[in-house]
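K.L.:
Those letters in the sequence shown? Residues 29 to 410, per our numbering, in order.
Before we start, here is the structure in question, set down as structure tokens.
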Amino acid sequence: MTHGRGEVVVTGVGLAVPGVATPEALLRRTACPVAGPAPEPFDTAARIGRRGHRYKDRATRLALCAALEALRNADLIPSDGEEVTVPGDTVGVVASSNLGNLDTACLTAAAIAERSAVDLSPMSLPNASSNVIASWVAIRHGLRGPNLMLCNGATSGLDAVHWGATLVAAGRVRRAVVIGVETHNAVVEDLLGRSAGELLDGAAAVVVEGARWAEARGARAVAALGPYERRAGLGGCVEALLPDGAAPGVWFTPERYAEGPAGAVPVPGAVPRYDVTAAVGRASGALGVLQCAAAVGWLARAGADAGAGAGVGAGPEAGAGSVIEAAGPGAAPDPVPASRQALITSGDDTADAVAGLLLRPAPDRCPPHPARAPLISMECSR
Numbered sequence: 029m030t031h032g033r034g035e036v037v038v039t040g041v042g043l044a045v046p047g048v049a050t051p052e053a054l055l056r057r058t059a060c061p062v063a064g065p066a067p068e069p070f071d072t073a074a075r076i077g078r079r080g081h082r083y084k085d086r087a088t089r090l091a092l093c094a095a096l097e098a099l100r101n102a103d104l105i106p107s108d109g110e111e112v113t114v115p116g117d118t119v120g121v122v123a124s125s126n127l128g129n130l131d132t133a134c135l136t137a138a139a140i141a142e143r144s145a146v147d148l149s150p151m152s153l154p155n156a157s158s159n160v161i162a163s164w165v166a167i168r169h170g171l172r173g174p175n176l177m178l179c180n181g182a183t184s185g186l187d188a189v190h191w192g193a194t195l196v197a198a199g200r201v202r203r204a205v206v207i208g209v210e211t212h213n214a215v216v217e218d219l220l221g222r223s224a225g226e227l228l229d230g231a232a233a234v235v236v237e238g239a240r241w242a243e244a245r246g247a248r249a250v251a252a253l254g255p256y257e258r259r260a261g262l263g264g265c266v267e268a269l270l271p272d273g274a275a276p277g278v279w280f281t282p283e284r285y286a287e288g289p290a291g292a293v294p295v296p297g298a299v300p301r302y303d304v305t306a307a308v309g310r311a312s313g314a315l316g317v318l319q320c321a322a323a324v325g326w327l328a329r330a331g332a333d334a335g336a337g338a339g340v341g342a343g344p345e346a347g348a349g350s351v352i353e354a355a356g357p358g359a360a361p362d363p364v365p366a367s368r369q370a371l372i373t374s375g376d377d378t379a380d381a382v383a384g385l386l387l388r389p390a391p392d393r394c395p396p397h398p399a400r401a402p403l404i405s406m407e408c409s410r
């Protein structure tokens with residue numbers, strides 16, 4: 029599904045990643061991975077407090093931390109509170125994690141097999157549910173819109189961003205918080221055959237929102253969502269997003285992507301590449317959301333460079349704060365040049381599928397919105 033430019037925007041970003049506090053910091057650390065000892069694990073108690081830890085697994089706590097920061101960054105939650113300042117039924121939740129509560133599920137199954145279900149704690153058993161992460165985020169903040177949990181392999185994070193935007197574009201909600209989270213533990217390490225140091229223990233979240241709803245409440249957009257594609261191969265996915273060989277301003281590559289011979293790589297060699305997993309560890313279902321957070325950092329840096337009159341090298345020709353206006357009432361705005369867009373891809377030709385997304389500078393002013401049809405029963409009405 030392709031969303032109209034400026035129709036769905038990003039208004040908030042949150043991170044719960046060791047050693048990374050902002051999208052710009054994530055971008056810098058991705059560009060220049062820090063050598064030496066790994067940073068201390070993210071302290072979830074410092075952000076969500078003791079109440080947020082009670083009977084919750086590590087992945088859920090990390091997701092709560094990232095979601096809280098994203099909602100506050102979007103000015104949907106005050107700095108001293110946890111309840112959203114908009115009607116709860118106008119906010120949905122989409123979470124992505126392939127391995128988040130795998131330890132709970134496996135240990136629960138083992139306990140039943142070795143002893144009996146009588147030995148299970150009724151307090152910990154809900155953590156074995158596949159949708160526990162998305163559910164706790166909604167419960168914590170009173171979000172009563174649609175609630176989805178994705179476990180979809182390499183593309184899961186970008187798929188989650190797409191489905192969050194789809195809920196908004198379809199009118200089911202006015203905004204959605206999208207979370208990607210993974211953690212490492214003995215069960216995950218054994219399944220993947222990798223040490224803890226190679227795996228992500230963190231979360232990222234973005235708030236996607238209808239541009240007119242963001243504008244109505246005075247929220248600042250930090251990016252606009254462009255088209256999304258899901259294809260069998262990387263080349264076909266990139267070609268569908270950027271036809272005629274257009275070169276994006278930056279490419280956030282699939283996890284540990286290995287460049288092929290010249291001509292086999294779908295993105296020109298002059299385009300800067302970033303692999304966020306080199307900085308934070310293999311991210312699985314959290315990858316696409318982390319990539320979006322890093323792309324927001326790239327757009328902010330490009331906008332600052334353009335605003336200062338500095339060249340951006342192979343980056344965009346104009347920044348995230350550029351004014352994009354329609355030529356007249358009802359006219360379509362000029363297309364955003366490819367060189368100002370961030371290309372994000374998850375999954376490569378060895379995966380079952382490849383997902384791709386373009387993230388664009390957010391317009392200062394939204395194009396005129398067409399008159400709406402009457403509300404339908406499934407549509408958000410407040």
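All C-beta atoms, glycine included, are put in the ideal place defined by N, C-alpha and C.
In this text, all values refer to a predicted model and were calculated from it rather than measured experimentally.
For serine 413, name the three-state secondary structure that DSSP assigns.
P.N.:
Nothing can be reported for residue 413: it is not among the residues displayed for the chain, which extend from 29 to 410.
K.L.:
Can you give me the Cβ contacts of arginine 400 inside the same chain, cut-off strictly under 7 Å, excluding the 5 residues immediately before and after it?
P.N.:
Model confidence at arginine 400 stands at a pLDDT of 45, short of 50, so the residue's coordinates are unreliable; what they give is reported in the following sentence. Counting only Cβ-Cβ distances below 7 Å, and skipping sequence neighbours, we find nothing.
K.L.:
Just checking my contact of leucine 55 with isoleucine 76 at CB under 8 Å: how many whole Å lie between their CB atoms?
P.N.:
Not confirmed; about 25 Å, so no contact.
K.L.:
Where does the unbroken alpha helix (DSSP H) through isoleucine 140 begin, and where does it stop?
P.N.:
Start and end: 130-142.
K.L.:
Measure the alpha-carbon distance for threonine 373 versus alanine 323 and round it to whole angstroms.
P.N.:
Whole-angstrom Cα-Cα distance: 12 Å.
K.L.:
Which class does alanine 370 belong to by DSSP, given the choice of helix, strand or coil?
P.N.:
Of the three classes helix, strand and coil, the one that applies to alanine 370 here is strand, per DSSP.
K.L.:
Flag this pair as touching only if the segment 159-173 and the segment 86-93 have three or more C-beta atom pairs under 8 Å; answer yes or no.
P.N.:
Short answer: they touch.
K.L.:
Classify valine 189 as helix, strand or coil using the three-state DSSP reduction.
P.N.:
Looking at valine 189 - three-state DSSP - the assignment turns out to be helix.
K.L.:
Short check: CB of valine 37 to CB of alanine 251, under 8 Å?
P.N.:
Contact: yes.
K.L.:
From proline 389 to leucine 371, what does the alpha carbon distance come to, in whole angstroms?
P.N.:
Spanning the two alpha carbons is a distance of roughly 12 Å.
K.L.:
Answer with buried or exposed for cysteine 265, where buried requires no fewer than 16 other C-beta atoms within 10 angstroms of its C-beta.
P.N.:
Cysteine 265 comes out buried.
K.L.:
Whole angstroms is fine: what's the gap from glutamate 217's alpha carbon to aspartate 229's?
P.N.:
Taking the straight line from one Cα to the other gives about 12 Å.
K.L.:
Run through DSSP, which three-state label would glycine 109 get?
P.N.:
Residue state, collapsed to three classes: coil.
K.L.:
Got a sec? Which residues, its chain only, sit under 6 Å from leucine 387 by beta carbon, not counting five neighbours each side?
P.N.:
Excluding residues within five positions, the ones whose Cβ falls inside 6 Å are Ala251, Ala323 and Ala370.
K.L.:
Taking arginine 329 as the reference, give the member of Pro365, Thr39 and Glu52 with the closest Cα.
P.N.:
Cα-wise, what sits closest to arginine 329 is Glu52.
K.L.:
How about the segment 178-195 and the segment 203-215: do they share at least three Cβ pairs that are nearer than 8 Å?
P.N.:
Cβ pair count under 8 Å is three or more, so yes.
K.L.:
In angstroms with no decimal places, state the Cα-to-Cα distance between threonine 132 and threonine 378.
P.N.:
Distance between the alpha carbons of threonine 132 and threonine 378 is about 29 Å.
K.L.:
Distance, Cα to Cα, alanine 156 vs alanine 123?
P.N.:
Going from the Cα of alanine 156 to the Cα of alanine 123 covers about 16 Å.
K.L.:
Just checking, does the segment 310-321 make contact with the segment 226-242 on the three C-beta pairs under 8 Å criterion?
P.N.:
Touching, yes, given that three or more Cβ pairs across the two stretches are closer than 8 Å.
K.L.:
If the criterion is Cβ atoms closer than 8 Å, does the pair glycine 116 and arginine 172 meet it?
P.N.:
The answer is yes: Cβ separation under 8 Å.
K.L.:
What did DSSP end up calling glutamate 68 once you bin it into helix, strand or coil?
P.N.:
Residue state, collapsed to three classes: coil.
K.L.:
By DSSP's criteria, arginine 388 is part of a beta bridge. Which residues make up the other side?
P.N.:
DSSP, once it has assigned bridges, lists Ala252 as partnering arginine 388.
K.L.:
Alpha carbons only, please: which of Arg100, Val119 and Arg368 is nearest the one belonging to glutamate 110?
P.N.:
Per the Cα distances, Arg100.
K.L.:
So, under 8 Å CB-CB, glycine 316 and glycine 128 are touching, yes? Tell me the CB distance rounded to an integer number of Å.
P.N.:
Going by Cβ atoms, the distance from glycine 316 to glycine 128 rounds to 15 Å, so no, they are not a contact pair.
K.L.:
Provide the residue(s) that pair with isoleucine 207 in DSSP beta bridges, ordered along the chain.
P.N.:
Its beta-bridge partners are Ala123 and Ala233.
K.L.:
Look up glutamate 257 in the DSSP assignment and say whether it is helix, strand or coil.
P.N.:
DSSP places glutamate 257 in strand when its eight states are reduced to three.
K.L.:
By the 10 Å Cβ neighbour count, where 16 or more other Cβ atoms means buried, how is serine 107 classified, buried or exposed?
P.N.:
The residue is exposed, with fewer than 16 neighbouring Cβ atoms inside 10 Å.
K.L.:
Measuring straight from C-alpha to C-alpha, what distance separates tyrosine 83 and arginine 57?
P.N.:
Cα to Cα, the separation comes out at about 33 Å.
K.L.:
If you run the structure through DSSP and keep just helix, strand and coil, what is alanine 44?
P.N.:
Residue state, collapsed to three classes: strand.
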